[in-house]
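Worksheet for the structure shown next.
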Amino acid sequence: MEPNISDVKALLAQPKDIVIFSHRNPDGDAVGSSLGLSHYLKSQGHQVNIVLPSDYPDFLAFLPKVSDIIIYDDETEEARAAIKRANLFFILDFNSFDRIDKVAEGLDKDKRPRIMIDHHLFPEPVADHMFSDPSASSTCEMVYTFIDDLGHAGWVTKDVADCLYTGIITDTGGFKYATSPRLFRTVAKLLEAGTDDNKIQDNIWNSMTEKQLRLLGHCLANQMELLPELKTGIIWLTKEDYEHFDIKRGDTEGIVNYVLRMPGMMIAAFIHEQPTIVKMSLRSKGNMDVQQICKSHFRGGGHRNAAGGASFAPLGTTINKFKKLLPDYAAEIDAAYLEFKNQ
Ligand code: 5GP
Ligand code: MN
1 MEPNISDVKA
11 LLAQPKDIVI
21 FSHRNPDGDA
31 VGSSLGLSHY
41 LKSQGHQVNI
51 VLPSDYPDFL
61 AFLPKVSDII
71 IYDDETEEAR
81 AAIKRANLFF
91 ILDFNSFDRI
101 DKVAEGLDKD
111 KRPRIMIDHH
121 LFPEPVADHM
131 FSDPSASSTC
141 EMVYTFIDDL
151 GHAGWVTKDV
161 ADCLYTGIIT
171 DTGGFKYATS
181 PRLFRTVAKL
191 LEAGTDDNKI
201 QDNIWNSMTE
211 KQLRLLGHCL
221 ANQMELLPEL
231 KTGIIWLTKE
241 DYEHFDIKRG
251 DTEGIVNYVL
261 RMPGMMIAAF
271 IHEQPTIVKM
281 SLRSKGNMDV
291 QQICKSHFRG
301 GGHRNAAGGA
311 SFAPLGTTIN
321 KFKKLLPDYA
331 AEIDAAYLEF
341 KNQ
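FYI, the numbering for the sequence shown is 1 to 343, going by the UniProt record's numbering.
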């Protein structure tokens with residue numbers, strides 16, 4: 001299953017009809033990597049469609065050709081037709097089929113070739129060619145490397161670079177997490193290709209609506225509980241909040257991170273009530289591994305410092321379950337804190 005770039009080169013030697021998949025509730029990295037790769041593949045004469053299970057957040061509307069993306073929930077027939085026609089699939093920014101739920105139906109037994117490019121931990125065997133690198137900041141960073149390894153760095157146009165840069169900025173929180181010398185070398189190439197750093201960062205960070213700002217205020221003022229002895233803070237939202245603030249997808253983006261602005265905090269939890277499930281997002285600093293917590297207790301996963309999961313229990317029960325399991329991690333939290341402070 002170790003990927004071989006020459007095999008991939010051979011696959012792409014003839015024009016292909018390609019579908020790129022990325023995950024439900026797509027973020028900047030999912031959309032940026034899919035669009036960036038799509039612009040590149042089109043420049044090589046391939047037919048390309050991007051299929052996402054659900055819509056992308058409004059702040060990504062500035063990305064070139066983003067409206068060409070087929071949203072499975074809204075355009076099911078078009079998505080199915082594109083999938084039926086395809087003779088090659090890319091799987092970007094996810095590594096298990098449950099992240100695209102019904103879009104993945106039948107794919108596991110499908111004989112058509114699949115290429116995965118992803119930076120999440122513990123990939124499942126979802127593709128014939130699996131480019132997996134959990135040390136990468138983002139799938140966008142990996143897509144640049146992929147194009148470069150194909151010998152095509154010169155085909156990274158401004159459109160490709162803008163898309164890839166967007167995912168790098170969102171997944172690293174503006175170069176706050178998962179950075180490396182390799183990442184900054186890649187970023188230099190993207191800027192050389194014409195990306196306007198200030199403009200993209202402005203599009204990403206200064207795109208809040210009044211509703212989002214007021215919602216953030218509500219969370220911080222009324223619905224945040226700090227557990228200083230466990231270096232953890234919890235923010236929650238109820239179904240009623242969703243109605244009262246008319247919360248839509250993307251409106252809660254980034255709220256969880258505020259807890260970690262306090263130097264004594266190592267874990268931030270954002271727990272929110274959806275129509276049928278309770279979803280949670282965990283964030284952490286340093287070596288504190290929240291992926292493990294999500295995997296062991298909330299049927300989830302993700303990365304060491306950013307993970308998510310879900311629960312079928314009511315909101316209050318889920319919050320209590322989280323608070324009850326934390327003491328089991330107290331030693332790990334303290335050790336991670338000491339290491340983080342002393343580094
Ligand atoms: P977020 O908290 O922003 O929704 O997600 C943070 C990270 O955790 C993302 O990289 C995402 O892939 C992962 N993640 C979020 N929810 C789930 C989930 O339900 N299952 C798994 N396996 N990963 C998740
Ligand atoms: Mn990502």
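For every residue, glycine included, the Cβ atom is placed at its ideal position computed from N, Cα and C.
This one's a predicted model, so the numbers in the text were calculated from it and none came from an experiment.
So what's residue i in DSSP terms, helix, strand or just coil?
i, result
"glutamine 126", "The sequence shown places valine at residue 126, rather than the glutamine named in the question. Coil, per DSSP."
"phenylalanine 245", "coil"
"valine 156", "coil"
"phenylalanine 59", "helix"
"leucine 150", "coil"
"serine 38", "helix"
"glycine 174", "coil"
"glycine 32", "helix"
"serine 138", "coil"
"glutamate 105", "coil"
"isoleucine 169", "helix"
Near residue i, which residues of its chain fall below 7 angstroms by C-beta distance, leaving aside the five closest residues on each side in sequence?
i, result
"residue 345", "This structure leaves residue 345 out entirely; the chain is present only between 1 and 343."
"aspartate 149", "Ile5"
"alanine 86", "Asp17, Ile18, Val19 and Arg112"
"arginine 38", "In the sequence under discussion, the amino acid at residue 38 is serine, which differs from the arginine named in the question. So the qualifying residues of the chain are Ile20, Val48 and Ile50."
Hey, quick one: how far does the alpha helix (DSSP H) through residue i stretch, first residue to last?
i, result
"glycine 233", "No alpha helix (DSSP H) holds glycine 233; the beta strand (DSSP E) holding it covers 232 to 237."
"arginine 85", "76 to 85"
"arginine 185", "181 to 192"
"asparagine 342", "330 to 342"
"residue 353", "The requested residue 353 does not occur in the structure, where the chain is confined to residues 1 to 343."
"isoleucine 319", "315 to 325"
Assuming residue i and residue j form a contact by the criterion Cβ under 8 angstroms, report the distance between their Cβ atoms to the nearest whole angstrom.
i, j, result
"isoleucine 200", "threonine 166", "6 angstroms"
"glutamate 124", "asparagine 95", "6 angstroms"
"phenylalanine 284", "asparagine 257", "The sequence shown places serine at residue 284, not phenylalanine. Incorrect: roughly 11 angstroms between the Cβ atoms, too far for contact."
"leucine 282", "glycine 308", "7 angstroms"
"leucine 326", "leucine 230", "5 angstroms"
According to DSSP, what are the bridge partners of residue i?
i, result
"alanine 269", "Ile234 and Leu282"
"arginine 99", "According to DSSP, arginine 99 bridges with nothing at all."
"serine 132", "Asp118"
"glutamate 49", "Correcting the residue identity first, residue 49 is asparagine in this sequence and not glutamate. Its beta-bridge partners are Val19."
"isoleucine 71", "Leu52"
"glycine 301", "Gly308"
How is the beta strand (DSSP E) around residue i delimited, first residue to last?
i, result
"phenylalanine 90", "88 to 92"
"leucine 227", "224 to 227"
"alanine 307", "306 to 311"
Excluding the 5 residues preceding and the 5 following residue i in the sequence, name in chain order all residues of the same chain whose CB lies nearer than 8 angstroms to its CB.
i, result
"aspartate 58", "Ser207 and Gly250"
"lysine 295", "Gly301, Ala307 and Gly309"
Near residue i, what residues of its chain come up, given a Cβ to Cβ distance below 6 angstroms and the 5 sequence neighbours on each side ignored?
i, result
"valine 259", "Gly233, Met265 and Ala268"
"lysine 279", "His272 and Ala310"
"histidine 46", "Pro15, Lys16 and Ile18"
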